[in-house]
Ligand code: NAP
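Residue numbers (the working numbering): 218 to 1005.
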């Protein structure tokens, strides 16, 4: 037996143990030195190993699928245990104990043994019953039987497989004998029990080799005959002919000479035993292998005969794509919205890709939960530094795929650095608290505290309009809290999310910690959010999709950052020059495609005309054009269909009595920034989320009316008021139904550390790293019931 298994290896431990090499990859450092990355496995699992010294030399001595003796020291590297190898040496298969590399039966060996004994105690022939009892009394034999595998290559090749096979064979025997006359059930049962019993020793190579050259096929027959001889010798008056019949069952059970059987079956019972043995083996082999090789039952079955159990059965995942970029023939084209040119393509994930991502993420959740806070801080901190160093590249990418002007692209890239940096800091601050249980009348001698734990797998679904920073707002806190994440970016803008994923992996995030799945939300979204392995869904996007996700998600934590039609109130005492300057920013930034974009401007009647006059030149000065041109103030909308939609909503309002004071009209995917006056609350550009570069102006008489108009919406994300009157400002702060309120500014303002989120149908839950880590974690209560 091995003295050390992969799963038991701890940080700093000296390692000297046997493993199977599941992967061997050669690498070269930046300085030009060779190194090897190995994936080593045994029955407990797997561990990575790195060979830094003498990599070329050592690497020549062994290959993938070889058994090796590895000496070195374990170290925790980026949250994963790894062996720094000093020496690695190929070891001959015959020196390896198979049980060190085999998985276990799905059934409990103790219960299987009990069931087997109960069946055999039904034997009526007293001599055969005595033979069975003699075997049961042999504690060492029973111990070996409980653990031995059924075969090395063909069927039941896992620990306790022999017992599993023997038991199902006896059950099959019972079923078959019901159909025939004159079958000796007792001889069949004892034959079934003992037909492979020699295998308990066959899996100790030393003994098997004593009997056969290969130590394999014939060995167990010889050994079980010898064992049966010994047991029979202990039973008084065991008839010789009966002993011959029992041994015939054993030596003929392979049915032909091909597997080393010295005899063909000569009796009906021996034929039945041979056939049922073969049947059970085949059933098990076919049922087991297709799991590994879907869709190829027969090939899998036949191949099974030809391959060594070492290579066939240890749970290896050759297909592990975690941390790798996966190509697919099905693509999504990512276009520059300004000229529709294709800037890149990304794979279009389907249900199978989602399933893989879920499997990796589930594994990743365990890996992430084991990282301690400092490690998580280090990874996120490093990622933030790398993002800062690549600001221009990220800014350009955001701008190209989303359409926002380059200054906004750079600004978003800078903000994303703050978001990831803030998340790193929160990784260090996530903690529980003591709870004063003795403050309760029944709380004496109780000590209580809370523990914060990760949720597990987080599904992070992001919209197109801030393709980097809104992804960072989900991924950063999720990782900070020790979760794994599956990111689903918007199909229009997946490139920034992929870049963030790449940076996080480069910064040392464990490969299974993040999966970025590009694909249509309509195709894979429902399955992602409904899956039970996902424990938290964090979504930013439209109200409609948000509502669908809430219905689909089932019982799991959900955060919803949804849309809005944010109002801004302009009181008669406001500084109108400032108001118009601010509104020309907060109503039109990112071509109005910001969830908190100012959409409804509610203005006191007394200053309504003056404000319109003040706004007109400022909005008309917002030059439109190619977003990558530094002179453009407004770029295209995310796609032409969006510009067409905005145009139709504004035309509809104008057709119903509203007035276009500035801008309006479309050039391809660009909509010219517009001011629409005399808008009634029931018009679509006031009632629904416009998400375009226009504001809807509506007059009011009193502050009460203004607040009522502001609140007359299903949404409640952000709102603003311009006034110098502290009473009006406070009334607004108390009564306006929105999650983010601004006094003397428009609705669109955010720094990334603040708690951010909506009321009403704008959603629930807060973002901003400090608040989001709470949403991304669960609270456990621990109570100590003390004696004093
Ligand atoms: P969207 O159409 O709702 O899409 C958002 C995300 O959901 C995309 O990744 C989309 O994938 C995915 N999705 C679509 N169907 C899905 C399903 N059945 N299950 C799961 N996911 C699904 O929103 P958008 O047009 O990208 O973004 C604009 C909206 O986001 C606006 O309403 C805006 O107000 C809101 N928003 C809110 C905030 C906030 O913080 N409150 C911030 C920014 C934006 P596909 O792209 O593949 O369809």
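From the three backbone atoms N, C-alpha and C, an ideal C-beta is built for every residue, glycine too.
For the beta strand (DSSP E) holding residue 252, just list the boundary residues, first then last. Here the question's residue 252 lines up with position 35 in the chain shown. According to the DSSP assignment, residue 252 belongs to the beta strand (DSSP E) that extends over 251-259.
Using CA atoms only, rank isn't needed, just tell me which of 305, 300 and 1005 is closest to residue 661. Taking the first residue of the chain shown as 1, we reach residue 661 at position 444. Sorting 305, 300 and 1005 by C-alpha distance to the C-alpha of residue 661 places 1005 at the top.
Answer with buried or exposed for residue 542, where buried requires no fewer than 16 other C-beta atoms within 10 angstroms of its C-beta. The sequence position of residue 542 within the chain shown is 325, counting from 1. Residue 542 comes out exposed.
Option in 647, 317, 587 and 805 with minimal Cα separation from residue 701: Numbered from its first residue, the chain shown carries residue 701 at position 484. Residue 587 is the option with its Cα nearest to residue 701.
Buried or exposed for residue 570, going by 16 or more other Cβ atoms inside 10 Å? Position 353 of the chain shown, counting from 1, holds the residue named residue 570. Residue 570 comes out buried.
Quick test of your reading: residue 231 and residue 259, contact by CB under 8 Å. State the CB separation rounded to the nearest angstrom. If you number the chain shown from 1, residue 231 lands on position 14. If you number the chain shown from 1, residue 259 lands on position 42. 17 Å between Cβ atoms; not a contact.
Alpha carbon to alpha carbon, how far is residue 430 from residue 339? In the chain shown, the residue the question calls residue 430 occupies position 213. In the chain shown, the residue the question calls residue 339 occupies position 122. In this prediction, residue 430 has a pLDDT of 38, which is less than 50 and means its spatial position is unreliable; what the coordinates show is noted afterwards. C-alpha of residue 430 to C-alpha of residue 339: approximately 39 Å in a straight line.
Helix, strand or coil for residue 769 per DSSP? The sequence position of residue 769 within the chain shown is 552, counting from 1. DSSP, reduced to helix, strand and coil, places residue 769 within a helical segment of the structure shown.
Would you mind sorting residue 491 into buried or exposed? The rule is 16 or more other CB atoms within 10 Å of its CB. As a first step, residue 491 must be located in the chain shown, where it is residue number 274. Per the 10 Å Cβ criterion, buried.
Local conformation of residue 855 per DSSP, three classes: Indexing the chain shown from 1 puts residue 855 at position 638. Secondary structure at residue 855: coil, using DSSP grouped into helix, strand and coil.
Would you decide whether residue 515 is buried or exposed? Buried here means 16 or more other CB atoms lie within 10 Å of its CB. As a position in the chain shown, residue 515 is number 298, starting the count at 1. The pLDDT assigned to residue 515 is 36, lower than 50, so where the model puts this residue is not dependable; a value taken from the coordinates is nonetheless given after this. Label assigned to residue 515: exposed.
Assuming residue 1006 is part of the alpha helix (DSSP H), what are its boundary residues? Lying outside 218 to 1005, the shown extent of the chain, residue 1006 is not represented and no answer is given.
Note down the Cα distance separating residue 411 from residue 581, rounded to an integer number of angstroms. As a first step, residue 411 is located in the chain shown; it is residue number 194 there, counting from the start. As a first step, residue 581 is located in the chain shown; it is residue number 364 there, counting from the start. Residue 581 has its alpha-carbon roughly 45 Å from the corresponding atom of residue 411.
Going by C-alpha distance, which of 982, 783, 980 and 847 is nearest residue 913? Taking the first residue of the chain shown as position 1, residue 913 is located at position 696. Here the closest residue by C-alpha is 783.
Is it true that the stretch 343-355 meets the stretch 291-303, where meeting means three or more beta-carbon pairs spaced less than 8 Å apart? With the cut-off at 8 Å, the stretch 343-355 and the stretch 291-303 do not touch.
Start-to-end residues for the beta strand (DSSP E) that takes in residue 290: Numbered from 1 along the chain shown, position 73 holds the residue referred to as residue 290. Per DSSP, residue 290 belongs to the beta strand (DSSP E) from 284-294.
Quick check: what's the CA-CA separation for residue 585 versus residue 669? As a position in the chain shown, residue 585 is number 368, starting the count at 1. As a position in the chain shown, residue 669 is number 452, starting the count at 1. Distance between the alpha carbons of residue 585 and residue 669: 14 Å.
Evaluate residue 908 with the Cβ neighbour count: other Cβ atoms within 10 Å of its Cβ, from every protein chain shown; 16 or more gives buried, anything less gives exposed. Translated into positions along the chain shown, residue 908 becomes position 691. With 16 or more neighbouring CB atoms inside 10 Å of its own CB, residue 908 falls in the buried class.
Would DSSP call residue 482 helix, strand or coil? The sequence position of residue 482 within the chain shown is 265, counting from 1. Under the three-state reduction of DSSP, residue 482 is assigned to coil, being neither helix nor strand.
Would you report the Cα separation of residue 356 and residue 312, rounded to the nearest angstrom? Reading the chain shown from its first residue, position 139 is the one you call residue 356. Reading the chain shown from its first residue, position 95 is the one you call residue 312. When rounded, the distance between both Cα atoms is 26 Å.
Buried or exposed for residue 500, going by 16 or more other Cβ atoms inside 10 Å? What you label residue 500 is simply residue 283 of the chain shown in a count that begins at 1. It is exposed - the Cβ of residue 500 has fewer than 16 other Cβ atoms within 10 Å.
Out of 326, 323, 296 and 285, which one is the CA nearest neighbour of residue 306? The residue given as residue 306 occupies position 89 in the chain shown. Distances from the CA of residue 306 to each of 326, 323, 296 and 285 were compared; the closest alpha carbon is that of 285.
Cβ-Cβ separation, residue 319 to residue 376 (assumed contact under 8 Å), whole Å: For the purposes of this step, residue 376 is taken as residue 159 along the chain shown, with counting starting at 1. For the purposes of this step, residue 319 is taken as residue 102 along the chain shown, with counting starting at 1. Taking 8 Å as the upper bound for CB-CB distance, residue 376 and residue 319 are in contact here, some 5 Å apart.
Rounded to the nearest angstrom, how far is the Cβ of residue 990 from that of residue 677, given a contact under 8 Å? In the chain shown, the residue the question calls residue 990 occupies position 773. In the chain shown, the residue the question calls residue 677 occupies position 460. 14 Å between Cβ atoms; not a contact.
Touching by the beta-carbon criterion (3+ pairs, under 8 Å), the stretch 714-725 and the stretch 593-605: With three or more CB-CB distances shorter than 8 Å, the stretch 714-725 counts as touching the stretch 593-605.
Quick check: does the Cβ of residue 301 come within less than 7 Å of any heavy atom belonging to ligand 1? Within the chain shown, residue 301 is the residue found at index 84, counting from 1. Residue 301: no, Cβ never under 7 Å from ligand 1.
Does DSSP classify residue 227 as helix, strand or coil? Reading the chain shown from its first residue, position 10 is the one you call residue 227. Three-state DSSP puts residue 227 in coil, outside helix and strand.
Entirely enclosed alpha helix (DSSP H) segments - the stretch 942-997, minimum 4 residues: The qualifying runs are 943-952 and 986-992.
Taking the alpha carbon of residue 885 as the point to measure from, which residue in 875, 870, 863 and 465 has its own alpha carbon closest? By 1-based counting over the chain shown, the position of residue 885 is 668. In terms of CA proximity to residue 885, 863 leads the group 875, 870, 863 and 465.
Around the Cβ of residue 609, are there at least 16 other Cβ atoms within 10 angstroms (buried) or fewer (exposed)? Here residue 609 refers to the residue found at position 392 when the chain shown is read from its first residue. An exposed status is given to residue 609, since fewer than 16 other beta-carbon atoms sit within 10 Å of its beta-carbon.
Assess, as a yes-or-no matter, whether the stretch 789-809 is touched by the stretch 994-1001 under the definition of 3 or more beta carbon pairs within less than 8 Å. No, because fewer than three Cβ pairs between the stretch 994-1001 and the stretch 789-809 fall closer than 8 Å, the two stretches do not touch.
From this set, 642, 664, 639 and 644, which residue's C-alpha is nearest residue 1009's C-alpha? This structure leaves residue 1009 out entirely; the chain is present only between 218 and 1005.
Going by beta carbon distance, what residues of the same chain come within less than 7 Å of residue 233, once the five residues before and after it are set aside? For the purposes of this step, residue 233 is taken as the residue at position 16 of the chain shown. Annotation for residue 233: 288 place their beta carbon closer than 7 Å to its own, counting only its chain and skipping 5 residues before and after.
Span of the beta strand (DSSP E), counted from its first residue to its last, around residue 672: Translated into positions along the chain shown, residue 672 becomes position 455. Note, residue 672: premise wrong, no beta strand (DSSP E); not H, not E.
Verify whether the separation of the beta carbon atoms of residue 867 and residue 852 is less than 8 Å. Within the chain shown, residue 867 is the residue found at index 650, counting from 1. Within the chain shown, residue 852 is the residue found at index 635, counting from 1. Result no, Cβ atoms of residue 867 and residue 852 do not sit closer than 8 Å.
Any heavy atom of ligand 1 closer than 7 Å to the beta-carbon of residue 919? Your numbering for residue 919 matches position 702 in the chain shown. Incorrect: residue 919 has no Cβ contact closer than 7 Å to ligand 1.
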